[in-house]
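Residue numbers (the working numbering): 3 to 125.
Even glycine gets a Cβ: it sits at the ideal position worked out from N, Cα and C.
As structure tokens, the structure follows; a few thoughts come after it.
In structure tokens form, the structure reads like this:
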């Protein structure tokens, strides 16, 4: 693919991803599944990795979390609550866990995630 075509595809993906983020986070009315969104996002990540010279500093891939809906106050957690990526099958989850533990002794707790706000409880 020519550089101009790659650049055009990257800008289209950025616009499409932002559109779907707005629908999801602000309108609470997504048009596509999470998996389809993740595919768009992954394609943009792959293009940015293959063509770093064309990567946009304001790309949705460089945004952590969502600042699109400020309905809830910000809170500083004692232990950071991090996003660990997406998996869609048991083999993918096991591969992720293997990578996390291959060079060190690590204990991992895993829970299914249901879409919505993250909730951390201390009791």
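(request) Starting from residue 51, trace the alpha helix (DSSP H) both ways and give me its first and last residue. (result) Locating residue 51 in the chain shown gives position 49, where the first residue counts as 1. Here the alpha helix (DSSP H) through residue 51 covers 36–52.
(request) Could you check if residue 30 is buried or exposed, using at least 16 other CB atoms within 10 Å of its CB as the buried criterion? (result) Numbered from 1 along the chain shown, position 28 holds the residue referred to as residue 30. Residue 30 is exposed by the Cβ-count criterion.
(message) Is the separation between the beta-carbon of residue 56 and that of residue 8 shorter than 8 Å?
(response) Within the chain shown, residue 56 is the residue found at index 54, counting from 1. Within the chain shown, residue 8 is the residue found at index 6, counting from 1. It is a contact, given that the beta carbons lie within the stated cut-off.
(message) Let me check understanding here. Comparing Cα to Cα, which of 53, 90 and 25 lies closest to residue 41?
(response) Against the chain shown, residue 41 aligns to sequence position 39. Selected option, being the one with the closest Cα: 90.
(request) Leaving aside the five residues before and after residue 34 along the sequence, list all residues of the same chain whose C-beta is less than 7 Å from its C-beta, in chain order. (result) The residue labelled residue 34 in the question sits at position 32 within the chain shown. Contacts found: 22.
(message) Need the endpoints of the alpha helix (DSSP H) that residue 27 sits in, please.
(response) Translated into the one-based positions of the chain shown, residue 27 becomes position 25. First-last of the alpha helix (DSSP H) with residue 27: 5–27.
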